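Numbering (the UniProt record's numbering), first residue to last: 1 to 809.
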C-alpha cells in the first residue's frame, strides 16, 4: 500500500486528485461505484487508511468552489456530494483509525449519508423560536397523553402546523433582557421542524416506569403516592440522557456511526422542505414520489388491515389444512413458526423495523439466526417433546402451568408477595419452546456483545476517550463546529439528579430494592450503553438485554418481584434511553441543529411527558372501572402491563434459580452464555485474515440479538422483512444504484407514514365507535379458523389431566 500523509484541515494544502464525475444529470454517481459497493456498510472496514492520491490541489479552494456551485443551482441533498477516485483498492484491514490524508474531506464516505444528508449549513437559520417551543410542547403533551400518535405522524402533521403559524403569527419584534426576538421570525424552516419531531420522538414510546406503578397498584395492591410515581418516572426517564451525552464522542461524532434510522428522517425532512421540480429531469421528483408512496400505502393498508386480513396473517398453508398439527406448527403465523415466508401487510413486514433502512448484511445475519435457531433447533426440541413442549403451542410469549393453561400469577401471591407454599401446590412454570430458545439467544447476545466490542472496538474506544469534535474529519462534524457543544457537566447534573430521585423513591416507599441495587443498575446500564449504541449505529439492530437484567437481580434478590421490575427498569430504560438520545443527537448532527438546543428540547420534552403520563394514568385508574382486568368492557385490559406483572413473578417471585440453575428444567440454556462468548472469536480472526471476504459481514451480536422480538413476532415477520431488505438493499442497490440513492429512504418513509395514517383512520372511524364496524367474511375469518390462530398445542389434555413431574421445588 502507498504511504499516507498526516491529516490536515481543509484550509491547508494536501495531496489529492480532483473528483471525476460521469457527464450526466444529478444525482452524480462516481465512476468507482464498484469500490463503494464492495465496502459499503462494512463494519470491519476502516475508511481512515486509504491509498495516497497523486497530484496536488488546495482543499480549501476546492471546498469554496463546491459551495459556489451548490449555491448557484437548486439541487437536492443526494446530489450534493463529491467523491474521489482511488488509484488502487484497499486490501488490508486497518488496525486503528489513525488520521490520514483527506480523501472524503468535503463529503461523507458513505453513499447512504450522501443520499440523505445535505453537506451545507446556514448557521443563521432561526431554531430556538416561539413556534418551535409551542408546537414541540403541544406534540409532547398530545403524543405522551394519547399514546396513539406515532413519531412519523407527528413529523408529517408538524409541517402544516408550522406553516400555519408562519401565516398567522405577528412579525413584531420584542426586546427582553437585551435579546431581540419575534413570534414569527420568518418562514417555518427545516431546523424548527426537526426540533419539534425530536420532542415527539422522545415521548412516543411512553414512560417504561408506568408499568411498574400499574403493577404495584393492580397486582400487588400497593398504595403508592404521586410523589413516588413522579420520582420513579423522572429518574428512570432522564438517566439515559446523562449516558447518551457521554456517548457523543463514540457514536455521534464519528462518520462511521451512520445510524441508518436517522438517515430516513433526514431524507424525509430534506424532501418535505425542498422543491426539486426545476432540477429534476427524466424522473419524478422526490417530494412527488413521497406523496405517491404515502397515498398508495394509505389506500393499500385498508386491504390487509380491514377488508381482507388474511393477507396480513398470510399462513396460506394452514388454510388448506386447518386441523393438521404439524402444518400449523411449522407454517402458522400466530402461534407457529411462520415458515410461510411472506405477507402483504407492510405493518407486518416492518414489525421489527423498516427493512429498507437496515443494511442487507445485518438482515442476513438475522435471517440466518431465524433459520438456525428457530426453524431448525426449535422444531427438533418441540417434536422430541423436550421440556414437555408438545403440551403447549410451539410459539407463545405466555408461560403455562401443568394443565397446559396460561400460568396464573395470582395463584402464587399472598398480600402482594410471592407465596412458596402456593407455588408448590399449584404448578411449576413451563415455557413454549420458542420462548425458551429466545431466552437462550438473549443470554448469548449478552455474552457476544461484550466479546465483540472488546475485539473490534477496544482501540477505537480508547482513542476516542481522548478525542473531541475538532478531531473528526468528515464534513458534518466540521460544520457542527460552528455551534458551541454541550459541556459534559450538564449531562452529569442530569445523572446526579436522577440517581438522587431514585434513591429517595426506593428508600422512602415500599420497593424492596436496596440502594446497592440502584447503584448496580446504574453501573450496568452505563457499561452496556456503549456497545448497544455502537451495534445499533452500525447495523440498525437494537440489542434488548432486559432478560439479563431480570436474571441478575433474580439471583441477587430472590422472592422480591417489585425490586426485580424496578431494577430492570433502571438498567433497561437507562440503556434504551441512552441509545435513543444518541440517535436523536445524530439526527441533530446531520441536520445541523445547535447541540445546546437539542439538549434543552429533549430534556424539557422528557420532563413534561413524565408529568403528563403519570397524570393520565392516575386519572384512568380513578375513573375507568376494572382497568387492566379481562372484564374491562372498553378494551382497557393493559396487555403490556399484564406481561410486565407476569415477568415480575417469574423472575422476581419464582426466580431464575427454580428455572435455570443446575438440575432445573431449563438449566441447559445457560450453555448459550458460553456459545455467545466464544462465537465472535473465530469470525474476528477470519475477517482480519481475509478482510474482503464474506467473513467481514458476520456480526455475532446481531445474529443473536436480531431475533429478540421472537415471540410475539414469528417467522413470517422476519422472513418477509429479510426478503424485502435483500431485494432493495442488495439487488436494487447493486443493479439500480442511482434509483436506490434517490428514492430508497423516501420509499421507506412513505410506506411507514401511509400505514400509520391509515391505522389511525381505521381505528377511530371503524373500530372505536360504539359497537364498531367489522366485516365478517371468509377473507377475514379463514386464518382464524385454524389451530394456529387458536393457539392449540400438539397434544391436547383431557379435563383433569396434567403433564410434568408430580413434585417440584
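The beta-carbon is built from N, C-alpha and C at its ideal position, and this holds for glycine as well.
Small disclaimer: the values here were computed from a predicted structure and weren't measured.
The DSSP-derived three-state label of residue 108 is coil. Residue 182 and residue 250 have their C-alpha atoms some 38 Å from each other. Residue environment for residue 529: buried (at least 16 other C-beta atoms within 10 angstroms of its C-beta).
Of all C-beta pairs linking the region 346-361 to the region 716-729, three or more are shorter than 8 Å, placing the two stretches in contact. With fewer than 16 other Cβ atoms from the protein chains shown falling within 10 Å of its own Cβ, residue 175 counts as exposed. A check of alpha carbon separations from residue 121 across 505, 589, 487, 621 identifies 589 as the nearest. Beta-bridge partners assigned by DSSP to residue 175: 180. Put simply, of 596, 592, 556, 606 the residue whose alpha carbon is nearest the alpha carbon of residue 577 is 606.
Under the DSSP assignment, residue 402 falls outside any alpha helix (DSSP H); it carries neither an H nor an E label.
Looking at the DSSP output, residue 287 bridges to nothing.
For residue 430, the pairing in a beta bridge is given by DSSP as 400.
The C-beta separation of residue 117 from residue 263 comes to about 7 Å, placing the pair in contact by the 8 Å criterion. Looking only at 483, 750, 690, the smallest Cα-Cα distance to residue 296 is reached by 750. Short of 6 Å from the beta carbon of residue 219, and not among the five residues preceding or following it, lie these beta carbons of its own chain, in chain order: 645.
Residue 604 and residue 579 have their C-alpha atoms roughly 18 Å apart. Counting only residues of its own chain and dropping the five nearest sequence neighbours on each side, residue 238 has a CB closer than 6 Å to the CB of 494, 498, 606.
Residue burial annotation: residue 765 is exposed, with fewer than 16 other C-beta atoms found within 10 angstroms of its C-beta. Here the alpha carbon of residue 650 sits roughly 9 Å from the alpha carbon of residue 399. Distance check between residue 628 and each of 712, 185, 214, 132 places 214 closest, using alpha-carbon atoms only. According to the DSSP secondary-structure assignment, residue 414 is paired through a beta bridge with 417. Short of 6 Å from the beta carbon of residue 259, and not among the five residues preceding or following it, lie these beta carbons of its own chain, in chain order: 537, 583, 586. Residue 601 is a Cβ neighbour of residue 199, given a cutoff of 8 Å. By the CB criterion at 8 Å, residue 702 and residue 434 fall outside the cutoff. DSSP, read as helix, strand or coil, puts residue 394 in coil.
In the pairwise beta carbon analysis, the region 437-447 is classified as touching the region 706-715: at least three pairs are separated by under 8 Å.
Cβ atoms of residue 563 and residue 513 come within 8 Å of each other, at about 4 Å. Looking at 455, 135, 753, the one whose alpha-carbon comes closest to that of residue 686 is 455.
Distance from the CA of residue 547 to the CA of residue 439, rounded to the nearest whole angstrom, comes to 7 Å. Taking 8 Å as the cut-off, the Cβ atoms of residue 610 and residue 230 count as close. Taken in chain order, the whole beta strand (DSSP E) runs of length 3 or more contained in the region 434-509 number zero.
With respect to the 8 Å criterion, residue 716 and residue 310 are not classified as neighbours on the basis of their beta carbons.
One thing to note: residue 525 has its Cβ within 8 Å of the Cβ of residue 575.
Taking C-alpha positions only, residue 805 is separated from residue 402 by approximately 9 Å. Between residue 209 and residue 233 the beta-carbon gap is near 5 Å, inside 8 Å, which marks them as a contact. Between the region 330-344 and the region 784-797 there are three or more C-beta pairs closer than 8 Å, enough to call the two in contact. About 5 Å separates the beta carbons of residue 533 and residue 247, which is inside the 8 Å limit, making them a contact pair.
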